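**Q** To convert, note that position 14 of the sequence shown is 244 in this note's numbering; the numbers rise steadily by one, no gaps.
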Amino acid sequence: MESIGQRDQENLTTLVEFVLLGFSDVPDLQGFLFWMFLIIYMIILIGNSLIIIITKTDTSLQTPMYFFLRNFSCLEICYVSVTIPRLLADLWRQKRTISFLACATQMYFFLVLGVTECFILTAMSYDRYVAICNPLLYSLIMNTQLCTRLAAGCWISGFPVHIGFTYLIFSLPFCGPNQLDHFFCDIPPVLKLACGDTFMVEMLIYVIAVLVVTIPFMLIVGSYVKIISTILKLPTATGRAKAFSTCSSHLMVVALFFGSGIITYMRPKSSQSEGMDKFLSLFYTIVTPMFNPMIYCLRNKDVMVALRKFLSKWIVL
């Protein structure tokens with residue numbers, strides 16, 4: 231009995247890395263997937279960088295709405311940079327091993343930036359709520375000091391919570407197979423490899439998801455109920471159309487990000503499957519960030535005008 235226990239302990243200590251299977255089930259598409267994800271990554275970097283530049287330099291965009299949009303674009307660049315470069319490296323070199331420390335670090339920053347995105351989207355909805363429901367007090371309420379504090383709170387709030395949460399996950403014993411059927415270190419696939427009791431961790435996931443995903447989502451929904459109610463009371467069709475146009479972009483981004491995130495982390499464990507988890511993860515880690523700059527640019531006349539002015543200067547130069 232002692233030798234068996236000793237052997238089990240050795241297995242626990244020798245398991246020091248995971249293997250990210252990623253998209254190894256489609257070996258013939260590895261080259262295609264590499265170039266596709268590389269192009270998507272470049273689109274995300276260029277699109278969000280342009281939004282940051284024009285909202286910072288164009289004098290007509292120095293309002294709270296574009297201040298939060300600039301923060302959101304900066305966040306999107308950081309968010310995708312946690313997963314896509316590693317995915318590209320794995321597809322290029324066909325070496326998919328990742329150490330426990332690297333896996334924990336990737337998960338930690340992915341969770342922190344995901345929480346930050348939830349909070350910034352909530353702050354953006356509050357900004358739209360004040361602008362449409364209390365237009366006369368908008369400049370007074372959404373002053374520079376409040377905007378700065380809201381943005382700083384969004385960026386900072388996720389850091390302390392997820393240090394302990396990530397440590398708790400990687401403190402679990404991993405004594406079986408070390409193959410993660412995923413393209414990055416997300417919570418569900420890592421927990422599937424743990425051979426200890428994960429009940430408390432799973433309950434903690436639901437609690438944190440309610441606090442940082444469900445509650446912000448409900449606040450956004452509440453804001454838009456008020457916003458839509460106010461818009462419908464506007465006397466002119468032109469006024470209603472203009473008000474809807476300033477909110478529709480944000481509402482589309484909220485639906486894409488929160489919808490896929492809630493399905494991934496809040497659905498029962500029994501209904502989870504590797505294929506669905508990977509598809510949903512692709513959606514909120516890569517596809518949604520790719521569409522965000524397009525949504526905000528194409529559906530916002532002020533951003534389009536500023537973008538044309540910026541590009542025309544560079545074309546002339």
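Idealized CB from N, CA, C, for every residue including glycine.
Fair warning: this is a prediction, and the values are worked out from it, not measured in the lab.
Give every residue of the same chain whose Cβ lies closer than 8 Å to the Cβ of ARG326, excluding the five residues on either side of it in the sequence, and list them in chain order.
**A** VAL249, LEU250, LEU251, GLY252, SER254 and ASP320
**Q** Which term fits ALA381, buried or exposed, when burial requires 16 or more other beta carbons within 10 angstroms of its beta carbon?
**A** buried
**Q** Over the uninterrupted beta strand (DSSP E) stretch that includes THR396, give me the two end residues.
**A** No beta strand (DSSP E) contains THR396, which is instead part of the alpha helix (DSSP H) from 388–400.
**Q** Whose C-beta lies closer than 6 Å to the C-beta of PHE340 among residues of the same chain, with five residues either side of it excluded?
**A** VAL312
**Q** By DSSP, does GLN409 sit in helix, in strand, or in coil?
**A** strand
**Q** Among ARG316, ASP288, ILE314 and ILE283, which has the Cα closest to the Cα of PHE302?
**A** ILE283
**Q** Just to confirm the assignment, what range does the alpha helix (DSSP H) spanning LEU367 have?
**A** Careful: LEU367 lies outside any alpha helix (DSSP H) and carries neither H nor E.
**Q** Which two residues bound the contiguous alpha helix (DSSP H) that contains SER459?
**A** 445–462
**Q** With DSSP as the reference, identify every bridge partner of ILE328, one or two as the case may be.
**A** PHE248
**Q** Hey, how far is the Cα of MET354 from the Cα of ILE393?
**A** 26 Å
**Q** Taking the alpha carbon of PHE447 as the point to measure from, which residue in PHE487, MET534, LEU318 and CYS384 has its own alpha carbon closest?
**A** PHE487
**Q** In the structure shown, what three-state DSSP assignment does SER478 receive?
**A** Look at SER478 here: in three-state DSSP terms it is helix.
**Q** For THR285, collect the residues of the same chain with a Cβ closer than 7 Å to its Cβ; drop the 5 residues on either side in sequence, then sort them by chain order.
**A** LEU291, TYR296, LEU299 and ARG300
**Q** So which of ASP411, CYS405 and ASP416 has the shortest CA-CA distance to PHE395?
**A** Minimum Cα distance to PHE395 is reached at ASP416.
**Q** From GLU306, VAL431 and HIS480, pick the residue whose C-alpha is nearest to that of ILE457; which is it?
**A** Nearest option by C-alpha distance: HIS480.
**Q** Just checking my contact of LYS539 with ASP288 at CB under 8 Å: how many whole Å lie between their CB atoms?
**A** Contact between LYS539 and ASP288 holds, since their C-beta atoms are separated by about 7 Å, short of 8 Å.
**Q** Give the secondary structure of THR313 by DSSP, where H, G and I count as helix, E and B as strand, and everything else as coil.
**A** coil
**Q** By alpha-carbon positions, which one of LEU537, LEU541 and ILE350 ends up nearest to CYS304?
**A** ILE350
**Q** Just mark ILE234 as buried or exposed, buried being the case when its beta carbon has 16 or more other beta carbons within 10 Å.
**A** Below a pLDDT of 50, predicted positions are generally treated as unreliable, and ILE234, at 42, falls in that range; the measurement from the model is reported next regardless. When all chains shown are included, ILE234 counts as exposed.
**Q** Closer than 8 Å by C-beta to THR518: which residues in its own chain qualify, once you throw out the five before and the five after it? Chain order, please.
**A** VAL483, LEU486, PHE487 and SER490
**Q** In the DSSP assignment, find the unbroken alpha helix (DSSP H) run with PHE262 in it and report its ends.
**A** 260–287
**Q** Could you give the distance in angstroms between the alpha-carbon of ASP463 and the alpha-carbon of ILE492?
**A** Here the sequence assigns Lys to residue 463, which means Asp is not the residue at that position. Roughly 32 Å separates the two Cα atoms.
**Q** Hey, out of LEU370, ALA424 and VAL443, whose CA is closest to LEU398's CA?
**A** ALA424
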